[in-house]
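If you read the sequences in order, they're chains A and B.
Each residue of the first sequence is one higher than the last, beginning at 1 in full-length UniProt numbering.
Each residue of the second sequence is one higher than the last, beginning at 1 in full-length UniProt numbering.
Protein chains: 2
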Amino acid sequence: MSRKPMVRPGGRSARVQESVHAAVRALEAEAGREALTVPLIAARAGVTPSTIYRRWGDLHELLSDVAVERLRPESPPEDHGSLGADLAAWAEQFLEEMSAQPGRAYIRDALLGDDTNASRCSAYAAEQIEVILARAAQRGEAAPEVETVLDHVVAPMMYRILFRPDGLSPSYARRLVEELLG
Amino acid sequence: MSRKPMVRPGGRSARVQESVHAAVRALEAEAGREALTVPLIAARAGVTPSTIYRRWGDLHELLSDVAVERLRPESPPEDHGSLGADLAAWAEQFLEEMSAQPGRAYIRDALLGDDTNASRCSAYAAEQIEVILARAAQRGEAAPEVETVLDHVVAPMMYRILFRPDGLSPSYARRLVEELLG
Numbered sequence: 001m002s003r004k005p006m007v008r009p010g011g012r013s014a015r016v017q018e019s020v021h022a023a024v025r026a027l028e029a030e031a032g033r034e035a036l037t038v039p040l041i042a043a044r045a046g047v048t049p050s051t052i053y054r055r056w057g058d059l060h061e062l063l064s065d066v067a068v069e070r071l072r073p074e075s076p077p078e079d080h081g082s083l084g085a086d087l088a089a090w091a092e093q094f095l096e097e098m099s100a101q102p103g104r105a106y107i108r109d110a111l112l113g114d115d116t117n118a119s120r121c122s123a124y125a126a127e128q129i130e131v132i133l134a135r136a137a138q139r140g141e142a143a144p145e146v147e148t149v150l151d152h153v154v155a156p157m158m159y160r161i162l163f164r165p166d167g168l169s170p171s172y173a174r175r176l177v178e179e180l181l182g
Numbered sequence: 001m002s003r004k005p006m007v008r009p010g011g012r013s014a015r016v017q018e019s020v021h022a023a024v025r026a027l028e029a030e031a032g033r034e035a036l037t038v039p040l041i042a043a044r045a046g047v048t049p050s051t052i053y054r055r056w057g058d059l060h061e062l063l064s065d066v067a068v069e070r071l072r073p074e075s076p077p078e079d080h081g082s083l084g085a086d087l088a089a090w091a092e093q094f095l096e097e098m099s100a101q102p103g104r105a106y107i108r109d110a111l112l113g114d115d116t117n118a119s120r121c122s123a124y125a126a127e128q129i130e131v132i133l134a135r136a137a138q139r140g141e142a143a144p145e146v147e148t149v150l151d152h153v154v155a156p157m158m159y160r161i162l163f164r165p166d167g168l169s170p171s172y173a174r175r176l177v178e179e180l181l182g
């Protein structure tokens, strides 16, 4: 369903993506989100508007794509020496980032795009959790499945961020992890 | 934060809301969502566009409000004689409705409005669960807190509907309930 082709690093497609994403970020910082239009973004990125329409379909889809890139984790989760500590630290940081105003805006933008974009957000979380679970296995610790962590740690945090944002705190993230690991 | 005032049933405010919501539903069915504009909706509803702007702010907020109304449950959850059966039946139905195309579109619309609209969606689920838990208490069954059911039954379903929609099935809903109730 996605219009976005596979992107070969360093190829023309990757260069177009990078310059268009950079144009969106720069224009959004300068003029605000409401001012963004496809012709404006194209002019800043040095591409034609039709390049943007062909690749992303419309402005919503482009903003969704940029939002997902901003949600991509920049580094693997920290190693605190145990599954419980790793998962609690990761969950606390995830909740803090995603419940802050920019994080919430990026999540909503990501959900406005096609299903591929929302799936990429979830895949980022799953990849981080897999790193934590693999470390636990190397230490010989018993560990749950990644899907179980998604259901009982990530999902409650995301549900509350989107639907019940009042009163979220780091202790909520820690409690979800403690309940899961028993 | 919401522009929407308290609505007294039968008052002018309630009549305006009902006629504007009905106009949105009718126009959407006739002409499709992309054709909706505030002047078109106002004309059909017999109000001025400024009435709509004053009350809802913009088209997104109005569509979000209409979507939330469509997500309002029409009846209390069925009584199947036990907490496990009641909760499993409710969760299965919730997953079926929300993961279908109209349900997903309404959820996304609801999330586009102000936080009040998303909170109302969650409040509808919480109210249905409270009915189920109150019945369990009357039967003398041990029952979890409503917030726990939201975290470990509703949240995983909603997270997967929004972010990982592949392969959702009624058995997933039942499994979440079984795991919660042990």
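A virtual CB, placed ideally from N, CA and C, is assigned to each residue, including glycine.
Since the structure is predicted, the reported quantities are computational estimates derived from the model, not experimental observations.
Does any residue of chain A bring its CB to less than 9 angstroms from the CB of residue i?
i, result
"Pro-170(B)", "no"
"Tyr-106(B)", "no"
"Asp-58(B)", "no"
"Asp-65(B)", "no"
"Ser-2(B)", "Confidence is the limiting factor: at Ser-2(B) the pLDDT is only 44, short of 50, which leaves the residue's position unreliable and the question unanswerable from this model."
"Leu-176(B)", "yes"
I'd like to know whether the C-beta of residue i is nearer than 9 angstroms to at least one C-beta of chain B.
i, result
"Ser-119(A)", "yes"
"Phe-163(A)", "yes"
"Leu-87(A)", "no"
"Asp-114(A)", "no"
"Ser-122(A)", "yes"
"Leu-71(A)", "no"
"Asp-79(A)", "no"
"Leu-95(A)", "no"
"Met-150(A)", "Note that residue 150(A) is Leu in the sequence shown here, rather than Met. So, interface residue."
"Val-47(A)", "no"
Does DSSP classify residue i as helix, strand or coil?
i, result
"Glu-74(A)", "coil"
"Gly-84(B)", "helix"
"Ser-64(A)", "helix"
"Leu-40(A)", "helix"
"Glu-178(B)", "helix"
"Arg-164(A)", "coil"
"Ala-155(B)", "helix"
"Glu-30(B)", "helix"
"Ser-169(A)", "coil"
"Val-24(B)", "helix"
"Glu-97(B)", "helix"
"Pro-49(B)", "helix"
Using a cut-off of 8 angstroms between C-beta atoms, extract the partners of residue i located in chain A.
i, result
"Arg-154(B)", "Residue identity differs from the one stated: residue 154(B) is Val in this sequence, not Arg. Going along chain A in sequence order, the residues near Val-154(B) (Cβ under 8 angstroms) are Tyr-159."
Below 7 angstroms on C-beta distance, what does residue i contact in chain B?
i, result
"Leu-181(A)", "By Cβ distance, chain B contributes nothing, its closest Cβ being about 14 angstroms from Leu-181(A), past 7 angstroms."
What is the C-beta distance between residue i and residue j, in whole angstroms, given that I count them as a contact (C-beta under 8 angstroms)?
i, j, result
"Ala-155(B)", "Pro-156(A)", "4 angstroms"
"Arg-25(B)", "Val-66(B)", "7 angstroms"
Using only alpha-carbon positions, find the residue among the options that is nearest to residue i.
i, options, result
"Ala-23(A)", "Arg-12(A), Glu-34(A) and Leu-40(A)", "Leu-40(A)"
"Glu-92(A)", "Arg-174(A), Leu-181(A) and Glu-178(A)", "Arg-174(A)"
"Tyr-124(B)", "Phe-94(B), Leu-62(B), Ala-136(B) and Asp-166(B)", "Phe-94(B)"
"residue 257(A)", "His-60(A), Arg-108(A), Leu-133(A) and Gln-17(A)", "As displayed, chain A neither begins before 1 nor continues past 182, which places residue 257(A) out of reach and without an answer."
"Val-20(A)", "Glu-28(A), Val-47(A), Arg-12(A) and Glu-30(A)", "Val-47(A)"
"Ile-161(B)", "Leu-111(B), Glu-179(B), Met-98(B) and Val-149(B)", "Met-98(B)"
"Gly-103(A)", "Gly-11(A), Ser-171(A) and Ser-64(A)", "Ser-64(A)"
"Pro-73(B)", "Cys-121(B), Val-38(B), Ala-105(B) and Ala-100(B)", "Cys-121(B)"
"Ala-143(A)", "Leu-168(A), Leu-181(A), Gly-167(A) and Tyr-106(A)", "Leu-181(A)"
"Ala-100(B)", "Ile-52(B), His-152(B), Pro-165(B) and Arg-33(B)", "Pro-165(B)"
Which chain A residues sit within Cβ distance under 7 angstroms of residue i?
i, result
"Leu-111(B)", "Arg-108, Leu-111 and Leu-162"
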